[in-house]
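Q: Residue numbers (the UniProt record's numbering): 1 to 341.
1) Which residues share a DSSP beta bridge with residue 114?
2) Rounded to whole angstroms, what is the Cα-Cα separation between residue 161 and residue 149?
3) Please state the DSSP three-state secondary structure of residue 127.
4) Could you name each continuous beta strand (DSSP E) segment of 3 residues or more that falls completely within the segment 289 to 340, going from the start of the chain to the end?
5) Can you tell which of 167, 86, 193 and 203 has its C-alpha closest to the C-alpha of residue 326?
6) Would you report the Cα separation of residue 93 and residue 309, rounded to the nearest angstrom?
7) Provide the residue(s) that pair with residue 189 in DSSP beta bridges, ordered along the chain.
8) Compute the Euclidean distance between the alpha carbons of residue 90 and residue 252, then round it to the nearest angstrom.
9) Please classify residue 11: does DSSP put it in a helix, a strand, or coil?
10) For the alpha helix (DSSP H) that contains residue 87, what are its first and last residues?
11) Which one of 136, 209, 138 and 187 has the shortest CA to CA distance from residue 170?
12) My output table needs one value for residue 5: the three-state DSSP class, helix, strand or coil.
13) Which partner residues of residue 151 appear in the DSSP bridge assignment?
14) So, for residue 118: in the same chain, excluding its five sequence neighbours on each side, which residues have a beta-carbon less than 7 Å away from its beta-carbon?
15) Report buried or exposed for residue 7, applying the criterion of at least 16 other Cβ atoms within 10 angstroms of its Cβ.
16) What residue from 223, 239, 245 and 164 has the CA that sits closest to residue 194's CA?
17) Can you give me the C-alpha to C-alpha distance between residue 139 and residue 128, rounded to a whole angstrom?
18) Find the nearest neighbour of residue 302 within the set 312, 329 and 279, judged by alpha-carbon distance.
19) Just verifying my parser: in three-state terms, what is the DSSP assignment at residue 101?
20) Do residue 147 and residue 125 have their C-beta atoms within less than 8 Å of each other?
21) Tell me the residue span of the alpha helix (DSSP H) that contains residue 172.
22) In the DSSP output, what is residue 278 paired with across the bridge?
23) I need the DSSP call for residue 71, collapsed to helix, strand or coil.
24) Nearest-angstrom Cα distance between residue 18 and residue 65?
25) Take the Cβ of residue 11 as the centre, count every other Cβ of all protein chains shown within 10 Å, and call the residue buried at 16 or more, exposed below.
26) Taking DSSP as the reference, what is the three-state secondary structure of residue 266?
27) Is the segment 273 to 280 touching the segment 313 to 320, taking contact as three or more C-beta pairs under 8 Å?
28) Using the rule of at least 16 other Cβ atoms within 10 Å of the residue's Cβ for burial, across every protein chain shown, is residue 368 buried or exposed?
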């Protein structure tokens, strides 16, 4: 058996079958110039010998890797997992594979991944900025070398390129206005870092709904944290320890809304009787928590598909299709038990 430094090559297969290396190469690519019987024999032998194509060498020859890079904050996030599913299926349709890297919400790791994917010679890069990414300078290897780059969901400030986002302002407005229409007058908000476009826009939508209904904005009701379950639980404890509590909460993701509901229930606070709650993303958790969570649907799977479609059009320089530079997905309020009258 060959070791890692001496892997099976097409020359080994050619020697075993007494064929030329070019014939083996074409057979492995299902080239119709090679008769079916030979193609099948070559492919069968390659599998038996444990041959795996060297995609890097192939990409150097073809000047294309057929690989797309993908940077996300965390694959465990429900929205990102559904977007990744859409990305994977759409990429496969176009003949591309996906390599995924997690930034873990750190700019340092995001920078490292950008340089790794550039070194891997990916044909294009899809990226979701970390919560703390304030500029896009570290993406310059792609921008300055004209390698297609598309941001989806979270986008660095003032990025001039192609973006796919949800209508986060509308989502924040819908969530807050729904609480107001359900009778809430003192509405708190759980927000992610305001260095991030999503949370800026969701907060702006929250403020706009309050203004429309002539409810004064109170910055003391805005809790900024990283929207994890632990951080949201701490924010909920701070909020519920206060003498004057809100009668509504708009949380910028479902995880923090669920954490709030769990903390409230521990304290014997009735949801939705005393405090009504709206989340964001329509996670699976929003459907199984009791009471079920009213939330904003933002179509992660479809956003992932659209991101790949846009990136592939840029890679292929498809001039027959007009590529929308800043595509915005509509959002929808899903009303459930957590805001029932």
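Beta carbons are placed, not taken as given, at the ideal position from N, Cα and C, and that holds for glycine.
A: For this structure:
1) Bridge partners of residue 114: none, in fact.
2) 8 Å
3) strand
4) 295 to 297, 326 to 329 and 332 to 334
5) 167
6) 10 Å
7) 222 and 250
8) 28 Å
9) helix
10) 78 to 93
11) 209
12) For residue 5, the predicted model reports a pLDDT of 49, less than 50, meaning its position is unreliable and no value from the coordinates is stated.
13) 127 and 163
14) 141 and 142
15) Result: exposed.
16) 223
17) 12 Å
18) Comparing Cα positions, the closest option is 329.
19) Reduced to three states, the DSSP call for residue 101 is strand.
20) yes
21) Judged by DSSP secondary structure, residue 172 falls within the alpha helix (DSSP H) whose first and last residues are 168 to 181.
22) 250 and 294
23) strand
24) Their backbone Cα atoms lie some 30 Å apart in a straight line.
25) So residue 11 ends up on the exposed side.
26) helix
27) Verdict: no, contact absent.
28) Examination of residue 368 is not possible in this model, given that the chain is present from 1 through 341 alone.
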